[in-house]
Each structure stands twice: as C-alpha cells, then as structure tokens.
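A.B. asks: Mind the numbering: the sequence shown is residues 0 to 71 in numbering that gives the first Met the number 0, read in order. Where a beta carbon is used, it is the ideal one built from N, C-alpha and C, also for glycine. Here the structure is a predicted model, which is why all the values come from computation and not from measurement.
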Amino acid sequence: MDENRTELRKVEIFRDGKIGYATTEVEFGGSGLSEYPLPEIEEIALDAQFRPLKISKEEFEKVWTEKILSNK
0 MDENRTELRK
10 VEIFRDGKIG
20 YATTEVEFGG
30 SGLSEYPLPE
40 IEEIALDAQF
50 RPLKISKEEF
60 EKVWTEKILS
70 NK
C-alpha cells in the first residue's frame with residue numbers, strides 16, 4: 000500500500016488453500032483492490048471473518064514471487 004493506505008497489490012490466501020490476487024491491472028480468484036484507504040490492522044481484526052497478519056515488505060515480495068509470479 001502507499002503512504003495514503005491505498006492498495007497497490009494484494010495477495011489473499013484462503014482457508015481452503017486457494018489464492019486470490021489483484022493489482023491495478025489484474026484481478027484473480029475473487030480478489031480486488033479496495034477503492035478506499037485501508038483501515039489500520041487493529042480495526043480489521045475487530046471483524047471475526049478476518050484474520051489479518053502484518054508482514055514486512057520483504058515477506059510480501061516473497062509471497063508475491065512464490066505464489067503469483069511462479070504460477071503465471
């Protein structure tokens with residue numbers, strides 16, 4: 000996300016093992032970028048349907064490379 004908390008890329012890993020992802024140009028697996036700035040992780044965690052996990056930029060890039068780029 001950028002400095003305004005706007006999503007630029009997203010990876011979602013679902014309980015059943017399926018993966019969704021999105022960029023400003025592509026949406027896959029039911030994932031899409033939010034039209035609005037993201038709330039803080041603590042606010043997201045208040046909703047029981049979500050289990051947000053804060054990761055570093057390096058961790059995100061690793062997941063993006065392993066799960067998305069390697070499957071194209």
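Quick check: what's the CA-CA separation for K61 versus I18?
C.D. replies: Walking along the sequence shown from the start, residue 61 turns up at place 62. Walking along the sequence shown from the start, residue 18 turns up at place 19. Distance between the alpha carbons of K61 and I18: 15 Å.
A.B. asks: Quick check on this structure: which residue in Y35, L52, G31 has the alpha carbon closest to the alpha carbon of E41?
C.D. replies: What you label residue 41 is simply residue 42 of the sequence shown in a count that begins at 1. Checked all of Y35, L52, G31; the closest Cα to E41 is L52.
A.B. asks: Just to check my reading of the structure: P36 and T5 have Cβ atoms closer than 8 Å, yes? What is that Cβ distance to the nearest angstrom?
C.D. replies: For this step, residue 36 is matched to residue 37 along the sequence shown. For this step, residue 5 is matched to residue 6 along the sequence shown. Confirmed, about 6 Å.
A.B. asks: With K66 and L32 assumed to form a contact (beta carbons below 8 Å), what rounded beta-carbon distance in angstroms separates them?
C.D. replies: Start at 1 with the first residue of the sequence shown, and residue 66 comes out as number 67. Start at 1 with the first residue of the sequence shown, and residue 32 comes out as number 33. The Cβ separation is near 17 Å, so there is no contact.
A.B. asks: Please state if the CB of F27 and the CB of A21 are separated by a distance shorter than 8 Å.
C.D. replies: For the purposes of this step, residue 21 is identified with residue 22 of the sequence shown, where counting begins at 1. For the purposes of this step, residue 27 is identified with residue 28 of the sequence shown, where counting begins at 1. Cβ atoms of A21 and F27: closer than 8 Å.
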